[in-house]
Amino acid sequence: MSDVLSFWRFSRAVWRLTLLLLIALPAITMQAQEPPYFVTYSQALEEPGSLELALKSLAASPAEANAFYSPTLELEYGVTGWWTTELYLQGQSTARDSSLFTGFRLENRFRPIPRELPVNPLLYAEFEDINGADKSLLEIVGNDTAENLSGTSAETRRELKREVELKLLLSSYAKAWNVSENFIAEKNIKKGEPWEFGYAVGVSRPLATYATAGECVLCRQNLAAGAELYGGLGTTDSFGLRSTSHYAGPSLRLDLPGRAASVQFSPQFGLNGNSIPVLWRFKVSYEFKQARELFAGKVSR
Numbered sequence: 025m026s027d028v029l030s031f032w033r034f035s036r037a038v039w040r041l042t043l044l045l046l047i048a049l050p051a052i053t054m055q056a057q058e059p060p061y062f063v064t065y066s067q068a069l070e071e072p073g074s075l076e077l078a079l080k081s082l083a084a085s086p087a088e089a090n091a092f093y094s095p096t097l098e099l100e101y102g103v104t105g106w107w108t109t110e111l112y113l114q115g116q117s118t119a120r121d122s123s124l125f126t127g128f129r130l131e132n133r134f135r136p137i138p139r140e141l142p143v144n145p146l147l148y149a150e151f152e153d154i155n156g157a158d159k160s161l162l163e164i165v166g167n168d169t170a171e172n173l174s175g176t177s178a179e180t181r182r183e184l185k186r187e188v189e190l191k192l193l194l195s196s197y198a199k200a201w202n203v204s205e206n207f208i209a210e211k212n213i214k215k216g217e218p219w220e221f222g223y224a225v226g227v228s229r230p231l232a233t234y235a236t237a238g239e240c241v242l243c244r245q246n247l248a249a250g251a252e253l254y255g256g257l258g259t260t261d262s263f264g265l266r267s268t269s270h271y272a273g274p275s276l277r278l279d280l281p282g283r284a285a286s287v288q289f290s291p292q293f294g295l296n297g298n299s300i301p302v303l304w305r306f307k308v309s310y311e312f313k314q315a316r317e318l319f320a321g322k323v324s325r
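Residue numbers are given in the numbering used here: position 120 of the sequence shown equals residue 144, and the series is strictly consecutive.
What follows is the structure in structure tokens.
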């Protein structure tokens with residue numbers, strides 16, 4: 025019973041933070057719509073000087089393991105027009121087990137060619153300092169399967185992972201449609217392990233390409249819909265689809281009118297026996313326009 029109460033209290037605290045992001049922050053001019061992806065990256069970068077605060081949540085109930093909830097707090101900052109950096113703080117709470125902080129990630133995305141091309145390439149580099157209890161599933165690489173989530177937190181947290189993750193991001197627009205493809209390479213630098221590979225593909229578009237005169241919340245102009253497909257591609261020792269897991273699902277994003285805030289939801293379905301049957305993903309985000317000017321003003325005083 026104590027484990028169930030711990031799981032409930034942890035989840036309630038995270039959702040309180042989610043509600044705070046939605047209703048307690050001041051209104052700011054709305055940003056342009058971004059593709060509604062959870063795993064796939066598009067060509068979108070954070071506006072220079074702006075800071076986006078987001079809570080990305082994942083809930084799942086694997087067939088051979090306890091149900092879990094994994095929140096990831098994201099702080100994304102636009103350094104320049106071609107460079108965005110992001111800090112991830114991750115945790116998880118597993119029913120009939122425990123709740124714990126699982127580590128952090130530091131991500132950088134670069135756009136080497138500033139002009140618009142038919143296919144826009146971006147480079148991605150990330151350092152991860154996490155433990156084996158992490159269940160955020162921000163990407164799927166190598167031979168990651170549902171079986172990897174079956175251990176207890178006391179056992180898996182002892183496994184320390186210091187990993188380098190590299191991605192080639194490709195993104196293009198055809199009228200209102202966005203198509204993005206990611207190729208992922210990841211390596212644990214603490215151990216002599218092989219490189220692990222994965223992929224992610226996303227397609228999306230806004231439900232309306234024009235704005236109506238009146239204000240509304242559930243208007244087509246505030247909604248974007250899409251779909252994602254992603255999974256592992258084995259390692260340098262065994263590249264391919266054998267013993268890998270794969271997921272696909274639709275996604276919907278709602279930009280709240282009059283605020284730089286958005287809400288996003290996606291049910292994602294496992295495509296083979298190595299996958300979790302269903303992943304429930306939810307994200308709420310808020311952008312502080314020109315955040316560095318706010319800090320600069322405090323320093324000048």
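C-beta: ideal position from N, C-alpha, C; glycine also.
C-beta atoms of Y197 and T64 nearer than 8 angstroms: No, the pair does not count as a contact, with Cβ atoms beyond the cut-off.
Every unbroken beta strand (DSSP E) inside the region 132-159 [3 residues or more]: The beta strand (DSSP E) runs of length 3 or more contained entirely in the region 132-159 are, from start to end of the chain, 144-155.
Coil, strand or helix - A272 by DSSP: It is a strand residue.
Proximity to S204 [Cα-Cα], best of K191, G216, A224, W219: Among K191, G216, A224, W219, the Cα nearest to that of S204 belongs to A224.
Whole-angstrom C-beta distance between L124 and R181, which should lie under 8 angstroms: Correct: roughly 6 angstroms between the Cβ atoms.
Nearest-angstrom Cβ-Cβ length linking P218 and D279, presumed shorter than 8 angstroms: In this structure, P218 and D279 do not form a Cβ contact; the two beta carbons are roughly 41 angstroms apart against a cut-off of 8 angstroms.
Element boundaries [beta strand (DSSP E), containing T109]: In the DSSP assignment, T109 falls within the beta strand (DSSP E) that extends over 107-118.
Beta carbon of D153 nearer than 8 angstroms to that of G175: No; because the gap between Cβ atoms is not below 8 angstroms, this pair is not in contact.
Span of the beta strand (DSSP E), counted from its first residue to its last, around A249: First-last of the beta strand (DSSP E) with A249: 247-259.
Three-state secondary structure assigned by DSSP to R181: Residue state for R181 is assigned as coil, using DSSP reduced to three classes.
DSSP three-state assignment for E163, whether helix, strand or coil: Of the three classes helix, strand and coil, the one that applies to E163 here is coil, per DSSP.
Q67 - partner residues in DSSP beta bridges: Under DSSP, Q67 forms no beta bridge with any residue.
Delimiting residues of the beta strand (DSSP E) encompassing L307: In the sequence as displayed, the identity of residue 307 is Lys instead of Leu. Element bounds for K307: 302-312.
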